[in-house]
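Residue numbers for the sequence shown follow the working numbering, so the first one is 154 and each next one is one higher.
Positions of the beta carbon are idealized from the N, C-alpha and C atoms, including for glycine.
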Amino acid sequence: ARTSVRIFMFSLLLLCLSEAFVSPLAAGSFEAALLFDCDGVLVETEELHRKSYNAAFEALDVRVAGAPVRWSVEYYDVLQNTVGGGKPKMRYHFDETLRGEWPAEDDQDRVRLVDDLQALKT
């Protein structure tokens with residue numbers, strides 16, 4: 154699926170750069186352009202996101218059953234293609250992957266943890 158999206162986005166970029174679109178630009182009739190992108194399509198940024206999550210987990214010493222939370226390349230590849238958004242990814246990880254094992258006791262602490270992790274990550 155990611156390859157199809159990349160091919161589509163690259164084709165769209167080529168179309169935008171074709172003579173039909175460049176000529177009005179060259180004639181000065183356009184003053185701005187808008188380029189649409191999604192993470193990891195035009196520039197591979199997903200590995201940077203994974204490293205940022207891991208740095209946030211480490212900074213807050215997030216542990217489950219005594220082990221530090223750390224997302225591998227292989228796990229994050231599945232996660233990024235399963236769940237959109239940073240906070241939903243973290244909730245999915247604890248709720249689904251770890252089957253409800255959280256490093257926070259109650260819902261309020263879980264919300265606060267995810268908010269703090271997201272703030273550190275970004």
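Unbroken alpha helix (DSSP H) run spanning residue i, endpoints
| i | result |
| --- | --- |
| V267 | 260-274 |
| S205 | 199-212 |
Nonlocal neighbours in the same chain, by C-beta distance under 6 Å from residue i, ignoring five residues either side
| i | result |
| --- | --- |
| V222 | F210, V215 |
| L266 | A257 |
Rounded Cβ spacing between residue i and residue j (contact assumed at less than 8 Å)
| i | j | result |
| --- | --- | --- |
| V236 | Y245 | 5 Å |
| M243 | L270 | 6 Å |
| R252 | V226 | Not quite, the Cβ-Cβ distance comes to about 22 Å (not below 8 Å), so this is no contact. |
Cut-off 8 Å between Cβ atoms - residues of its own chain near residue i, not counting five sequence neighbours on either side
| i | result |
| --- | --- |
| E254 | V217, A218, F247 |
Minimum C-alpha distance to residue i - residue among the options
| i | options | result |
| --- | --- | --- |
| G239 | D260, L251, D268, F161 | D268 |
| V196 | I160, D259, P241, A212 | I160 |
Residues near residue i by beta carbon distance below 7 Å, same chain, minus five either side
| i | result |
| --- | --- |
| L187 | none |
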